[in-house]
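Below is one structure; the comments refer to it alone.
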Amino acid sequence: MDRKKLADLLLPGITKTIEDYEKMYPERNIEEGAIVTRYAPSPTGLPHIGNLFQTFISMHLAKQTSGIFYLRIEDTDQKRSIENGISKIIKSLNDFEIKFDEGAVSEVDEKGSYGPYIQSNRKEIYWAFAKYLIENDMAYPCFCTEEKLDEIRQKQEKYKSRIGYYGRYATCRNLSIDEIVKRVQNGEKYIIRLKSPGKFDNKFIFNDCIKGKMELPENDIDIIIIKSDGLPTYHFAHLVDDHLMQTTHVIRGDEWLSSIPIHTQLFRMFNFKVPKYAHIAPLLKDDNGTKRKLSKRKDPEASVTYYHEQGIPTEAVILYLATVANSNFEEWMDNNKDKTIDDFKLEFKKMSTSGALFDLEKLLNISRNYLSRLKACEIYERVLNWTKEFDLEFKELLEKYKEKSIAIFNIEREQAKPRKDYSCYSDVKNQVWYMYDELFDTAEKHYDFQKITDKQEIKTILNTYLSNYYSPEDDNETWFNKMKDMSDHLGYASNMKEYKNNPENYKGNIADISNVLRVALTTKSMTPDLYQIMKILGIDTIKKRFDLI
RNA sequence: GGCUCGUUGGUGAAGUGGUUUAACACGCCACCCUCUCAAGGUGGUAUUCAUGGGUUCGAAACCCAUACGAGUCACCA
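Under this note's numbering, the first residue of the first sequence is numbered 1, with each subsequent residue one higher.
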């Protein structure tokens, strides 16, 4: 029997050849320098923030070079797949404006002419490629059982050799064709291994787009390319898919870096052009002084649903990830206020070679800035949307008092340097609850009076203000002048400088008076502009709240 | 254990041999601003770039060693 027939015996029923597949997928019509890249998750769960980071980078690079960003589903480990995994992945990325030019669009549909994009539908393609290797004596069947492999491993550990199926440990490597045929006909189970031509002592230079030049040993391990379930391993699928789909840049987590010897070897054995690789360092978390990879199980902020629940705008998350990707992004954004993130030129060279600590505080700061630049009505829509899922009580108030709510959100907003009160939608209620009678009346109140705490004096101030000074029609300036007048009248300094020079001449100052009004109305000593708050609350509410003191 | 990568402040980092007495941003602290807070303004916040050697007139940057950290070594991706 010759090798061609042997290949047929091992991987039966395959009619197409590599050449056939090459012809099926025409060369991509893209410009010089365009990046074709992909996100290739296994559908085992929702993406985490690290996946989002990676997809943001990939999509952005593809866009800025007029390239292609596609979604390929790596479901070759069928045990771990979850139900509707594909749709869930697509949806949660869509929330962050991560969109694909081609690839899977649901469990059953896809778009683009380089598919199928779901690996479990590509079995015969992988087999055709594996057959080619067998025919050319570059792959062979391995009959070793799990126990046998265990035995080899133990022996290697005992003699402190490198672990793996290679060299003299690769016992199935030199089986004769006759013997293979015999064992196959006996019904023995087998998998297909690569006959690695590499030598561990040979080094080669690899140039990563992010990590730069490094020296790596050749791969000499006869890795498995087709598993006993007939599906390919990651390494082999990567070769076949990224070749046929004409990926120019493989952008992925740096846990793959050590597989580079295998991957480049595979491409060379087929005489295929090796794609460029960019290995992204992971997002890290400080865990009692040591840094470790952000983990979905241990860290709530690692999961993308966290941002949804907290009401952190997805735009802010992306802005933060952009600054982590290229730290000059923030400065660029500051200097290019008229441009959007899409105009920013992301560079591999500026990406960190070691992982960055994930800084939630910084993210919230970015979020605060982002929200401060939105219009009051936009804030209203977004907060309302968020409450629909997470705070029905507040949702009803927002709907009932739409105009008023927008007015509240507009306090100190339309100015050159707007207030930055909210870092996320879930913050909003805590900041403005006292503006709604329903919430104020039922709240347990802790009045935060500061300097003036004497009940009688407080009452005097409130009554004097209401009967002699307050008028709902006053504009800001009039309102403030009246505050000054009242301060003078009651023996408090209306001029802060004056007060600082001669504090002993006064009972206090205008700030103390303002504090009394502020706290009586809101219970809080720190709020936005008091004039505007009073304007929105209205005379009736003001009276009612003063009466409570 | 083998292989590989990394180590600049509380954080993200800029920086690839000489206006660096280390940019910028977040955080923190102080002060300022005709109401508080926020914002804004001003200033402070690494005598020093993991440690030890070396190269050089000159090093955070180049070389070597050590320490520490990370990744990987599956019929998982």
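For glycine and all other residues, C-beta sits at the position ideal for the given N, C-alpha and C.
> When DSSP builds the beta bridges, which residues end up paired with Met214?
Replying inline: What you label residue 214 is simply residue 214 of the first sequence in a count that begins at 1. BP columns for Met214 point to Phe206.
> Using a Cβ-Cβ cut-off of 7 angstroms (strictly less than) and excluding sequence neighbours within five positions of Cys377, which residues of its own chain qualify?
Replying inline: As a position in the first sequence, residue 377 is number 377, starting the count at 1. Hits under 7 angstroms: Ile406.
> Between Thr314 and the rest of its own chain, which residues show a CB-CB distance below 6 angstroms, the 5 nearest in sequence each way excluded?
Replying inline: Position 314 of the first sequence, counted from the first residue, corresponds to residue 314. So the list reads Asp95, Phe96, once near-sequence residues are dropped.
> On the three-pair Cβ rule with 8 angstroms, is the region 179-193 touching the region 220-240?
Replying inline: They touch, by the three-pair rule.
> If we count the other Cβ atoms within 10 Å of its Cβ and call it buried at 16 or more, is Ser467 buried or exposed?
Replying inline: Start at 1 with the first residue of the first sequence, and residue 467 comes out as number 467. The residue is exposed, with fewer than 16 neighbouring Cβ atoms inside 10 Å.
> What's the call for Asn238, buried or exposed, on a 16-neighbour Cβ count within 10 Å?
Replying inline: Numbered from its first residue, the first sequence carries residue 238 at position 238. Note on residue identity: the sequence assigns His, not Asn, to residue 238. The residue in question, His238, is buried, as its Cβ has 16 or more Cβ neighbours within 10 Å.
> Relative to the C-alpha of Lys211, which residue among Ala302, Glu347, Ile533, Asn515 is closest?
Replying inline: In the first sequence, residue 211 corresponds to position 211, counting from 1. Looking at the Cα atoms, Glu347 is the closest of the given residues.
> Got a sec, what are the start and stop residues for the alpha helix (DSSP H) Gly491 sits in?
Replying inline: As a working note, residue 491 is residue 491 in the first sequence. No alpha helix (DSSP H) contains Gly491, which DSSP labels as neither H nor E.
>> Using C-beta distances below 6 angstroms, list every residue in its chain close to Lys563, excluding the 5 sequence neighbours before and after it, in chain order.
In response: Here the chain has residues from 1 to 549 only, and residue 563 is not among them.
> In three-state DSSP terms, what is Val108?
Replying inline: On the first sequence, residue 108 is found 108 positions in, with the first residue counted as 1. Three-state result, Val108: coil.
>> Give the list of continuous alpha helix (DSSP H) stretches no shorter than 4 residues that lie fully inside the region 159-190.
In response: Segments of the alpha helix (DSSP H) lying fully in the region 159-190: 177-185.
> Taking the continuous beta strand (DSSP E) assigned at Asp287, which residues delimit it?
Replying inline: Reading the first sequence from its first residue, position 287 is the one you call residue 287. Start and end: 283-287.
>> Based on DSSP bridge pairs, tell me the residues matched to Pro141.
In response: Here residue 141 corresponds to residue number 141 of the first sequence, with the count starting at 1. Pro141 pairs with Ile192.
> Using the beta-carbon count (16 or more within 10 Å), is Arg38 buried or exposed?
Replying inline: Counted from its first residue, the first sequence places residue 38 at position 38. Arg38 should be labelled buried.
> Rounded to the nearest angstrom, how far is the Cβ of Leu530 from that of Arg518, given a contact under 8 angstroms?
Replying inline: On the first sequence, position 530 is the one that residue 530 refers to. On the first sequence, position 518 is the one that residue 518 refers to. Leu530 to Arg518, Cβ: 5 angstroms. Contact.
>> For a quick check, are the C-beta atoms of Tyr70 and Tyr21 less than 9 angstroms apart?
In response: For the purposes of this step, residue 70 is taken as the residue at position 70 of the first sequence. For the purposes of this step, residue 21 is taken as the residue at position 21 of the first sequence. The answer is no: Cβ separation not under 9 angstroms.
> Which one of Ile86, Lys451, Phe358 has the shortest CA to CA distance from Thr323?
Replying inline: The residue given as residue 323 occupies position 323 in the first sequence. Checked all of Ile86, Lys451, Phe358; the closest Cα to Thr323 is Phe358.
> If you count every other CB in all the chains shown that lies within 10 Å of the CB of Tyr159, and 16 or more means buried, which is it?
Replying inline: Taking the first sequence and counting its residues from 1, the one referred to as residue 159 is at position 159. Result: exposed.
> In this structure, what does DSSP give as the bridge partners for Leu357?
Replying inline: In the first sequence, counting from the first residue as 1, residue 357 sits at position 357. Per DSSP, Leu284.
> Cβ of Phe235 within 9 angstroms of Cβ of Tyr277?
Replying inline: Here the question's residue 235 lines up with position 235 in the first sequence. Here the question's residue 277 lines up with position 277 in the first sequence. One point to set straight first is that residue 235 is His, not Phe, in the sequence displayed. No, the pair does not count as a contact, with Cβ atoms beyond the cut-off.
> Taking the alpha carbon of Pro432 as the point to measure from, which residue in Leu133, Leu397, Ile118 has its own alpha carbon closest?
Replying inline: On the first sequence, residue 432 is found 432 positions in, with the first residue counted as 1. According to the sequence as given, residue 432 is Val; it is not Pro. The residue with the shortest Cα to Cα distance from Val432 is Leu397.
> Would you call His489 buried or exposed, if buried means 16 or more other Cβ atoms sit within 10 Å of its Cβ?
Replying inline: Locating residue 489 in the first sequence gives position 489, where the first residue counts as 1. Looking at its Cβ environment, which holds fewer than 16 other Cβ atoms inside 10 Å, His489 is exposed.
>> So, with DSSP's three-state summary, where would you put Pro503?
In response: In the first sequence, residue 503 corresponds to position 503, counting from 1. In the structure shown, Pro503 sits in a helix (DSSP, three-state: H, G or I).
> Where do the N-terminal and C-terminal ends of the alpha helix (DSSP H) with His308 fall, by residue?
Replying inline: If you number the first sequence from 1, residue 308 lands on position 308. Unbroken alpha helix (DSSP H) run through His308: 304-310.
>> Rounded to whole angstroms, what is the Cα-Cα separation between Gln64 and Ile57?
In response: For the purposes of this step, residue 64 is taken as residue 64 along the first sequence, with counting starting at 1. For the purposes of this step, residue 57 is taken as residue 57 along the first sequence, with counting starting at 1. The alpha-carbon separation between Gln64 and Ile57 amounts to approximately 11 angstroms.
> Can at least three beta-carbon pairs, one atom from the region 290-300 and one from the region 43-54, be found at a separation below 8 angstroms?
Replying inline: yes
> Should Asp448 and Ser525 be called a contact, given that it needs their Cβ atoms to be closer than 9 angstroms?
Replying inline: Indexing the first sequence from 1 puts residue 448 at position 448. Indexing the first sequence from 1 puts residue 525 at position 525. Yes, the pair counts as a contact, with Cβ atoms nearer than the cut-off.
> Hey, out of Ile68, Lys543, Ala493, Glu309, whose CA is closest to Pro550's CA?
Replying inline: As shown, the chain starts at 1 and ends at 549. That puts residue 550 outside it, with no answer to give.
>> Quick check on DSSP: helix, strand or coil for Pro41?
In response: The count along the first sequence starts at 1 and reaches residue 41 at position 41. It is coil, neither helix nor strand.
> Looking at Leu231 and Pro141, is the spacing between their C-beta atoms short of 9 angstroms?
Replying inline: As a first step, residue 141 is located in the first sequence; it is residue number 141 there, counting from the start. As a first step, residue 231 is located in the first sequence; it is residue number 231 there, counting from the start. No, Cβ-Cβ distance for Pro141 and Leu231 is not below 9 angstroms.
> Taking the beta strand (DSSP E) that His249 falls in, what are its first and last residues?
Replying inline: Translated into the one-based positions of the first sequence, residue 249 becomes position 249. Note, His249: beta strand (DSSP E), 249-253.
> Who pairs with Arg292 in a beta bridge, going by DSSP?
Replying inline: Looking up residue 292 in the first sequence gives position 292. Paired residue(s): Lys285.
>> Between Ile461 and Ile513, how many whole angstroms is the CB-CB distance? I'm expecting something under 8 angstroms.
In response: The residue given as residue 461 occupies position 461 in the first sequence. The residue given as residue 513 occupies position 513 in the first sequence. About 6 angstroms separates the two Cβ atoms, so the contact holds.
> If we ignore side chains and look at the alpha-carbon of each, how far apart do Tyr436 and Leu364 end up?
Replying inline: The residue labelled residue 436 in the question sits at position 436 within the first sequence. The residue labelled residue 364 in the question sits at position 364 within the first sequence. Each residue's Cα considered, the two are about 26 angstroms apart.
>> Counting C-beta neighbours from all protein chains within 10 Å, is the total for Gly508 16 or more, i.e. buried, or is it exposed?
In response: The sequence position of residue 508 within the first sequence is 508, counting from 1. That one is buried.
> Do Arg168 and Phe143 have their C-beta atoms within less than 9 angstroms of each other?
Replying inline: Position 168 of the first sequence, counting from 1, holds the residue named residue 168. Position 143 of the first sequence, counting from 1, holds the residue named residue 143. No.
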